[in-house]
Amino acid sequence: MDVIRKMEHNEIVKITTPLLITWHYGKSRLCEDFRALNNYTKADKYPIPRIPHALDKLEKTKYITKMDCMRGFHKNGVKPNYMKLLRIICHIGIYDYTRIPFGIKNAPAHFQRMMDTIFQEEILEGWMV
């Protein structure tokens, strides 16, 4: 799955510099500062489950399981006309995100909406997603 793609050299736009974060167990990931973009982004008010509500629901359940949505944001593509807003630069070139990166203002709401749509029938049966 290609999360970023190299940009053509004939296009100039604002970019952000990524920071590579290395965890104590050796894995690493890119982090970008998208605050400037987020300041101009209209908030998606889609409701995200709150921890107290989730804990109240869990208290009354008979079965509990979990699903790991590993790289969930990266499963969702970015529309081509928005890729230029998610541009990063590093020592080997300039890249556009082709998948939703972490740190985008509306990514959590978008992801929750997607999960609610996929698991609509299960939610109606009382599942918590």
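If you're matching positions, the sequence shown starts at 163 in my numbering and goes up one per residue.
We put the CB at the ideal spot given by N, CA and C, even for glycine.
| said: Just verifying my parser: in three-state terms, what is the DSSP assignment at Ile177? | reply: coil
| request: Whole angstroms is fine: what's the gap from Leu182's alpha carbon to Lys189's? | output: 10 Å
| query | Are the Cβ atoms of Ile262 and Phe281 separated by less than 8 Å? | reply | no
| Three-state secondary structure assigned by DSSP to Ile226 | coil
| query | Out of Asp230, Lys219, Arg275 and Ala269, which has the shortest C-alpha to C-alpha gap to Val240? | reply | Ala269
| C-beta neighbour in chain D for Phe273, strict 8 Å | Checking the listed chains, one finds no chain D in this structure; it contains a single protein chain.
| request: Check Thr279 in the structure and name its three-state DSSP category. | output: helix
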